[in-house]
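Engineer: Provided herewith is a single structure, encoded as structure tokens, for subsequent inquiry.
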Amino acid sequence: MKQLLLLLLVSLSIQAFPQFNEIQFSPNDSVYKSALSFNGSTIYCLGNLDNSYSNKYELYKSDDEGLSWSFINYIEQYLNTANFVSFSDSVHISIGKHTIVKTNNAFDSIDCIMCNLSTYPTSIKAVNKDTILIFDRGNLYVSYDGFNNWDTITINSLTTKHDFAEDEISIINDSVWIAYLNKDCALIKTTNAGTTWKLIKDLSVYSFCDNYIYANFSTENIGLLRIEKTIYITIDGAITFQEALSIRKKSEFIEMNSFSSGWTYIITNNPIDSNNTIYYSKNFGTTWDSLVYSYNEKWDQFYNLDYYNDSIILALSYTGKLFKIEMSTVGINNVVPSIPVVKIYPNPSIDIINIDIEGVANWHYSIYDQFGRLMQQRTFEGESCKVDISSYTKGLYYIEITDLKSLKKLTKKIIKL
């Protein structure tokens, strides 16, 4: 009996179930959550008060991983918000049907960057506080000064129709971006923030490539490619690809996001069985696991996943619900074992952190911000080193340490004060 009880306890300790917690801003909350944005450790959410393209919104924020939310502002502006980026409680850029607007006072007033019937932006990405990218039906708009001035990115030295695929700009750091061109079936890369581009992979050998290919890179060399319902991985900068995952036949592909910390998420929807499947990997797509969210209402399925940190992702549903998914309760199989003993101190730090590693003589570290942008990297010999983070803005960062002999990896959080 004792052996049976022990076996049961061990079994229960191994199994882990994700926590899908719906976020409520207040008791009896009826706000239709329409878009999320992140700035450092702060989460922002724009909510529509009557689930329509109206001019009534509310802006909320959370500083504690979505546990509690504070009201910032009631908004009466024609936003049509589909997505937005935030730089403080006051400064935001919002995109929506026929509108791209900027505010410096939490939407009390707005400056119209582009507001006309020909404008239909669907995604926006902030490379940093100055450089912002907006996708609009094949065009890619860029600003290098916070959208006081902007232009359309063009592709030089390539015979191309200049048709960027929606939301398929992978921002590796401030200068290096990788993009997929729909009609050209081509992966291209810039190393100077969009000024010049070069072809890195011709994918025209795949039939219907403009409709069924989706590309997403977490580093300059590591990326994923979706071709119909199969996911391929590259670790050599798109020179070669290997099959990594096959999506269930009844599922509809919705979104794929990968991050420099190694976490990768793919979300699919199965309308027949009324569930979303979230495929996830902690090692850049080398091995995968999955979890299922079953919904009751017809349109209650997730349509996006937003990465917050290694243990938390946020999801929006078509019915305007916001969910917090606790990934810390989920196990991942076949992950490369981590380096035995690593000490990082002081943490938090104002300027210098020390890294001590026992028994590893040749190793490499990379530091990334919350958006996956590479801040610095270095290959080191010896069991300790000092890292200067004094120039970083305050917030949360991730340091990935790799033993170059065994290729074991470890990712830890560091906080800049």
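Take the sequence shown: its letter number 19 is residue 32 in the numbering used here, and every next letter is one higher. A virtual CB, placed ideally from N, CA and C, is assigned to each residue, including glycine.
1. Could you tell me which whole beta strand (DSSP E) segments of length 3 or greater appear in the segment 104-171?
2. Out of Ser81, Lys69, Thr203, point me to the one whose CA is closest to Pro40's CA.
3. Tell me the residue span of the beta strand (DSSP E) that contains Asn443.
4. Please name the residue in Lys418, Thr332, Leu417, Ser324 whose C-alpha comes closest to that of Tyr316.
5. For Leu130, which residues in the same chain have their Cβ closer than 7 Å to its Cβ, ignoring the five residues on either side in sequence?
6. Please report the distance separating the alpha-carbon of Ile235 from that of Asn283.
7. Hey, how far is the Cα of Lys46 from the Cα of Asn61?
8. In the DSSP assignment, find the beta strand (DSSP E) that holds Met388 and state where it starts and stops.
9. So the beta strand (DSSP E) Cys198 belongs to, where does it begin and stop?
10. Just to confirm before moving on: does the CB-CB distance between Ile106 and Ile137 stay below 8 Å?
11. How far does the beta strand (DSSP E) with Lys425 in it extend, from its first residue to its last?
12. What would DSSP say about Ser351, mapped onto helix, strand or coil?
13. Determine the burial state of Cys198: buried for a count of at least 16 other Cβ atoms within 10 Å of its Cβ, exposed for fewer.
14. Quick one: using the 10 Å Cβ neighbour count with 16 as the cut-off for buried, is Asn347 buried or exposed?
15. Could you tell me which residues DSSP puts in a beta bridge with Met269?
16. Assuming Phe100 and Lys142 make a contact with CB atoms under 8 Å, what is their CB distance in whole Å?
17. So, with DSSP's three-state summary, where would you put Gly344?
18. Got a sec, what are the start and stop residues for the beta strand (DSSP E) Asn317 sits in?
19. CB Thr167 to CB Phe148, shorter than 8 Å?
20. Whose C-alpha, out of Arg239, Lys295, Asp215, Ile184, is nearest the C-alpha of Thr204?
21. Smallest Cα separation from Trp312: which of His377, Asn288, Gly298, Ser303?
22. Taking DSSP as the reference, what is the three-state secondary structure of Ala48?
23. Per DSSP, what kind of secondary structure is Lys356 in: helix, strand or coil?
24. For Pro350 and Ile85, what's the separation of their Cα atoms in angstroms?
25. Apart from the five residues just before and just after Glu78, which ones in its own chain have a Cβ nearer than 7 Å to its Cβ?
26. I'd like the list of long-range same chain contacts for Glu181, defined as Cβ closer than 8 Å, with 5 residues on each side in sequence excluded.
27. In this structure, does DSSP put Asn61 in helix, strand or coil?
28. DSSP three-state label for Leu417, please.
29. Identify every residue that forms a DSSP beta bridge with Trp190.
30. Taking the alpha carbon of Asn52 as the reference point, which residue from Asn68, Thr94, Val98 has its own alpha carbon closest?
31. Determine, using beta carbons only, whether Leu430 and Lys399 come nearer to each other than 8 Å.
32. What does DSSP give as the partner residue(s) for Tyr292 in the beta ladder?
33. Return the bridge partner residues of Asn34 from the DSSP annotation.
34. Helix or strand or just coil, what does DSSP make of Ser397?
35. I'd like to know whether the C-beta atoms of Lys13 and Ile412 end up nearer to each other than 8 Å.
Structural biologist: Well, looking at it:
1. Correct list: 105-109, 112-116, 124-128, 136-139, 145-149, 152-156.
2. Ranking Ser81, Lys69, Thr203 by Cα distance to Pro40 puts Ser81 first.
3. Limits of the chain in this structure are 14 at one end and 430 at the other, which puts residue 443 out of reach.
4. Sorting Lys418, Thr332, Leu417, Ser324 by C-alpha distance to the C-alpha of Tyr316 places Thr332 at the top.
5. Cβ neighbours of Leu130 beyond the five flanking positions: His111.
6. The straight-line gap separating the alpha-carbon atoms of Ile235 and Asn283 is approximately 29 Å.
7. Distance between Lys46 and Asn61, taken at the CA atoms: about 6 Å.
8. Met388 -> beta strand (DSSP E) spans 387-394.
9. Here Cys198 belongs to no beta strand (DSSP E), and DSSP marks it neither H nor E.
10. Ile106 is a Cβ neighbour of Ile137, given a cutoff of 8 Å.
11. That run of the beta strand (DSSP E) goes 422-429.
12. Bear in mind that a pLDDT of 47 at Ser351, under 50, signals an unreliable position, so the number given afterwards is only what the model happens to contain. Coil at Ser351, not helix or strand.
13. Note on Cys198: 16 or more other CB atoms within 10 angstroms of its CB, so buried under the neighbour-count rule.
14. Legend: pLDDT at Asn347 = 32, less than 50; position of this residue unreliable, value from coordinates given subsequently. Flag for Asn347 reads exposed.
15. Paired residue(s): Ile279.
16. At roughly 5 Å, the Cβ-Cβ gap stays under 8 Å, so Phe100 and Lys142 are in contact.
17. In this prediction, Gly344 scores a pLDDT of 42, lower than 50, which makes its location untrustworthy; the coordinate-derived value is nonetheless stated afterwards. Three-state result, Gly344: coil.
18. Start and end: 315-322.
19. No, they are not a contact pair.
20. The shortest Cα separation from Thr204 among Arg239, Lys295, Asp215, Ile184 belongs to Ile184.
21. When each option's Cα is compared against that of Trp312, the closest is Asn288.
22. Collapsing the DSSP output to three states places Ala48 in a strand.
23. In the structure shown, Lys356 adopts extended strand secondary structure according to DSSP, grouped into three states.
24. Here Pro350 scores only 41 on pLDDT, less than 50, and its place in the model should not be relied on; the value that follows carries that caveat. Straight-line Cα distance between these residues: approximately 43 Å.
25. Excluding residues within five positions, the ones whose Cβ falls inside 7 Å are Tyr321, Ile325.
26. Correct list, in chain order: Ala192, Tyr193, Tyr227, Ala228, Asn229.
27. In this structure, Asn61 counts as strand in the three-state DSSP scheme.
28. For Leu417, the secondary structure class from DSSP, reduced to helix, strand or coil, is coil.
29. Note: Trp190 is bridge-paired with Ile184, Thr203 in the DSSP secondary-structure output.
30. Per the C-alpha coordinates, the member of Asn68, Thr94, Val98 positioned closest to Asn52 is Val98.
31. In this structure, Lys399 does not lie closer than 8 Å to Leu430 by Cβ.
32. For Tyr292, which the question treats as bridged, DSSP gives the partners Ile279, Ser303.
33. The partner list for Asn34 (beta bridge, DSSP) reads Lys337.
34. Looking at Ser397 - three-state DSSP - the assignment turns out to be strand.
35. With the chain running from 14 to 430 in the structure shown, residue 13 is simply not present.
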